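Encoded as structure tokens, the structure appears first; notes follow it.
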Amino acid sequence: METLRLGRTNLIVTKNGFGALPVQRVDKDYACKLLRKAYENGINYFDTARFYTDSEEKIGLALSDVRDKIIISTKTGATDVKTFWEHLNTSLSLLKTDYIDIYQFHNPSFCPKPGDGTGLYEAMLEAKEKGLIRFIGFTNHRLAVAEEAVLSGLYDTLQFPFSYLASEKEEALVKLCAEHDVGFICMKALAGGLITRSDVAYAFLAQYPVAPIWGIQRENELDEFLSYNDAPPALTEERLAYIEQERKELAGEFCRGCGYCLPCPAGIEIFTCARMSLLLRRSPTAGHLSEKSQEMMKKIEGCINCGACKSRCPYGLDTPNLLKKNYEDYKTFLK
433 METLRLGRTN LIVTKNGFGA LPVQRVDKDY ACKLLRKAYE NGINYFDTAR FYTDSEEKIG
493 LALSDVRDKI IISTKTGATD VKTFWEHLNT SLSLLKTDYI DIYQFHNPSF CPKPGDGTGL
553 YEAMLEAKEK GLIRFIGFTN HRLAVAEEAV LSGLYDTLQF PFSYLASEKE EALVKLCAEH
613 DVGFICMKAL AGGLITRSDV AYAFLAQYPV APIWGIQREN ELDEFLSYND APPALTEERL
673 AYIEQERKEL AGEFCRGCGY CLPCPAGIEI FTCARMSLLL RRSPTAGHLS EKSQEMMKKI
733 EGCINCGACK SRCPYGLDTP NLLKKNYEDY KTFLK
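Everything in the sequence shown is counted per my numbering, starting at 433 for the first residue and increasing by one.
Right under this line is the structure:
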């Protein structure tokens, strides 16, 4: 299996990292089966978060007996010191471990630093001094905040969205991390489900010093990535042409499905509804046109134009307008 040195942490992680956000959607037995199969087939890196409901618990149940053979990163969304310690102690307990390899601030709107008044970075340092964490990481969806974190010299890793749909600015961020020896953990490598060929995504990312974490919920998804252990996809002319076509089709503004626009006071499932036009054209339509999906989309009619989703979007999208466009397009499929 291909591996990567994760920046100055010197941790050697498998290129097929296991993104454990989706395992919160399956029962414990099935989740443990997936996690264990991943480990037994060579995957050594597992990423989760305190906010991913029972994901940490499932990793603890499945892998605590091989703790010394795996690398775990998790995240805290704490905005104060008290909550920071509550999150850390809960994560340690659920993961059934005495330490976390990489403890990450989870998509903060700013870059925590010593002396900024929040005490958050000082808490990270204290946790590291106590041996509860090994390295300090940072995750984000905002380019400027991510760049600030890398340039600060305070963070060992950065987790940021990166795929073949990335712009030159995101590619420059990968390069910046390499220059500063900050490990780049790659999330959203499938662009929140809009990229449907994992072989192309894998081949593209192989060009860069990044550690992808693939969100895995089903055994067939895991098997697909495991098949790349012995036969890593190459960036062939066919795959390059496919990427070029994809970039043309998905050019412009589109929702990445990060979910930071939520909650919506009108109950709109924004991260799905705002991508519906693309989902209808890139996957089987039956599920998207079901009675349940129609009810979900109809909630867009109840948008109160409060602007909350727009203000929270890390990509600066005009979310209310994007929802309306998707709803109008959706209705054409129902005729």
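C-beta atoms are modelled at their ideal positions from N, C-alpha and C, and glycine is treated no differently. Remember, it's a predicted structure, so these values are computed and weren't measured experimentally.
Exposed or buried, what is residue i when buried is set at 16 or more other beta-carbons lying within 10 Å of its beta-carbon?
i: Q591; result: buried
i: A663; result: exposed
i: E670; result: exposed
i: K620; result: buried
i: E723; result: exposed
i: A666; result: exposed
i: A706; result: buried
i: T506; result: buried
i: C618; result: buried
Across which residues does DSSP place residue i in a beta bridge pair?
i: L524; result: In DSSP, L524 forms no bridge with anything.
i: R650; result: According to DSSP, which records beta bridges pairwise, R650 is partnered with nothing at all.
i: R437; result: I444
i: D479; result: G451 and S505
i: Q591; result: T571 and I617
Return the CA-CA distance between residue i and residue j, expressed in angstroms with no decimal places.
i: E678; j: A698; result: 33 Å
i: C690; j: I675; result: 22 Å
i: E488; j: K767; result: 44 Å
i: F567; j: T704; result: 34 Å
i: D479; j: T441; result: 16 Å
i: R482; j: E554; result: 20 Å
i: S496; j: I648; result: 19 Å
i: Y640; j: L622; result: 16 Å
i: K528; j: G439; result: 26 Å
i: T446; j: L608; result: 22 Å
i: L493; j: K460; result: 9 Å
i: N661; j: K757; result: 41 Å
Going by alpha carbons, who is nearest to residue i out of the options?
i: L597; options: D761, I627, E579 and R574; result: I627
i: G624; options: L711, D533, K731 and S541; result: L711
i: L436; options: C464, C705, L721 and A610; result: A610
i: L552; options: L527, E579 and Y587; result: Y587
i: R713; options: S584, P544, Y762 and Q726; result: Y762
i: C696; options: C687, C735, S659 and L575; result: C735
i: L637; options: L658, S595 and D613; result: S595
Is residue i a contact residue of the ligand MN, with contact defined as CB to any heavy atom under 7 Å?
i: W646; result: In the structure on display, the ligand MN does not appear, and there are no ligands present to speak of.
Tell me, please, whether the CB atom of residue i is closer than 8 Å to any CB atom in chain D?
i: K469; result: Among the chains of the structure shown, chain D does not appear; only one protein chain is present.
**Message:** Just to confirm the assignment: which complete alpha helix (DSSP H) runs, minimum length 4, are found wholly within the segment 525-587?
**Reply:** With a minimum length of 4 residues, the unbroken runs of alpha helix (DSSP H) contained wholly in the segment 525-587 fall at 552-561 and 575-584.
**Item:** Unbroken stretches of the beta strand (DSSP E), 3 residues or longer, contained in the segment 612-665
**Value:** Within the segment 612-665, the complete beta strand (DSSP E) runs of at least 3 residues are 615-619 and 642-647.
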